[in-house]
Every structure is written in C-alpha cells, then in structure tokens.
Amino acid sequence: MTRVIAFANHKGGVGKTTSVANIGAALAARGQNTLLIDMDAQQNLTFSFLSERGEDVEVSLYDALMGRKPLPITNIKPGLDLVPASIDLAMAETELAAQLSREFILKDLLESVTDRYDYILIDCPPSLGLITYNALTAATDLYIPLTAEALPLKGLNMLEEVVNLISRRLNPALAVSGVFFTRYSNRRLNAAVVANIEQRYGEKVFKTKIRENIALAEAPLEGKDIFSYAPGCNGAADYRQLTEEILARTK
C-alpha cells in the first residue's frame, strides 16, 4: 500500500520542508519510489530542488487543484519526483471555497498516480485552511515535526482538533501516527519538552532527533538535499536514521 504522509504543523520554522526534502531523498536512495508534493505558497520545497536548474514553474499544484491541468510531476533524481508549488496557491483558499467536495480534490488527483509510488510526502503550509484540509483528507499518515521549545507546544491542541474533525467527517483513517524533533540540542528546556511530548504521544514519538546542523539550512540554497550537499554531516546521519525508523514502521 502506498503511504501518503502529510507533514503538518501550523507553527512555522519547525522543519517541515527540510524533513520532506531529506526523508524523500533518503527513501529514494533506499529504492522507494517517492513523490513530494509542495502545498505551500512560499514554494520552499520547490526552490530546494529546482532553483539550481534555473527552471520557472509553468504548471504547478495550483493549476491541478483548480481543475485546469493534470497533476504536474517533475523528476528530481532516480526514484524521486516533485509536484511543485507556485505563489498562486495563496489564492487557492478563496477559490476552492466555492467548489463541491473541495476537501477531496487532492485525494482525487492522487488516484491516477498513487500506484506509481511507495511513498507520497506532502509538505503542508503553516496554516489550517482548505489546503491543509486537502492534504489531511488524502493522507494515510500524519507526521508532526516539532522543535523542542515551549511555544510550538501551544499549537498542538488546535492541530489535534482539526485532525479529529477530519477523521470524523472526511478521512476516518486519519490520526497522528508520528512525531519527531528537529533543531535539537541537549539544553535543559529541550529535555523537558521532549519528556512532555513523549508522555503525550508515547510510541508515536520517533527515537531519532534531528540535531541542529547548519548544513541543513545551506543545502536548499544549493538546490540539493543534505545527502548530496554534505553526506557526512550530523543532519545527513540523522535523516538517514529517521528514514530507517519510518521504513520499519510503514513496511
């Protein structure tokens, strides 16, 4: 079964895009056909892979959501494809509101390509509107990236309320199935937050923590994943290990 994993947290700066890019690259390196979907109008995932090519995005996810084009898929490397975003996604919330079954549009689009992939990873925007609703309605799994700080904890209740709503009305299979930490260090506050989250989510918390690593911020500027940019760094080691945990859980 294809796993469609939405990476969501309406708090920005928690490593959603970095995680989708590098977990996707690691899955592809392990022989898993993987599709990445950029659902954020900021286009960070798209730029992470396409900026080095100097390519303009002529057809994006927005065009597919509006029913104007088939789902646009761009090959990044063997086993790794991308559906790019455009700034037009910023208008999609308003335009989708008038459509019938608007929460199911992405799910319907994916039906024609799902059998080509082992994993589909969705980079959700830092909001809880219709774009994120589409991702969660299509998902088989929801992963929440967190930084081990006090403030990101405050938004979890709101995200869980949305997940409960969608599971009751749109996607009965949806639940939080994974939580992991990014930008991690051994500071006392980090340890306290981790303990809180482990108590809250139990075995859903991945053992691997993504350590603070400047190379993870540098790699997208070069249009590369961390394994192409700095394969020996802590960030590469951590994302490899996290991907192994994901494979163990989902296979």
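Per the working numbering, the sequence shown starts with residue -17, numbered consecutively.
For each residue, glycine too, the CB sits at the ideal point set by N, CA and C.
- Rounded to whole angstroms, Gly61 and Ala230 show a C-alpha spacing of 19 Å.
- DSSP places Ala197 in the helix class (H, G or I) of the three-state scheme.
- Per DSSP, the continuous alpha helix (DSSP H) segment holding Gly217 begins and ends at 216 to 232.
- Take Lys51, set aside five residues on each side of it, and the residues of its chain with a beta-carbon closer than 6 Å to its own are Val41, Asp45, in chain order.
- In the DSSP assignment, Arg(-15) falls within the beta strand (DSSP E) that extends over -15 to -11.
- The distance from the Cβ of Leu112 to that of Glu85 is about 7 Å, consistent with a contact at the 8 Å cut-off.
- For the region 51 to 89, the continuous alpha helix (DSSP H) assignments of 4+ residues that do not extend past its boundaries occur at 71 to 78, in sequence order.
- Between the alpha carbons of Phe29 and Asp70 lies a gap of roughly 15 Å.
- Leaving aside the five residues that flank Val2 on each side, the residues in its chain whose CB is nearer than 7 Å to its CB run, in chain order, Phe(-11), Leu18, Leu27, Leu103, Asp105.
- Gly160: not part of any alpha helix (DSSP H); member of the beta strand (DSSP E) spanning 158 to 166, first to last residue.
- Ser210 and Thr164 have their C-alpha atoms some 20 Å from each other.
- Cβ atoms of Gln25 and Ser94 stay farther apart than 8 Å, at about 24 Å.
- Residue pairing by DSSP places Asp105 opposite Phe(-11), Asp20 in a beta bridge.
- Around the CB of Asp22, 16 or more other CB atoms lie within 10 Å, so the residue is classed as buried.
- Here Thr28 carries a helix assignment [DSSP, helix/strand/coil].
- No Cβ-Cβ contact shorter than 8 Å links Ala155 with Thr114.
- For Tyr211, the enclosing alpha helix (DSSP H) stretches over residues 208 to 211.
- In this structure, Ser159 sits near Tyr125, with a CB-CB distance shorter than 8 Å.
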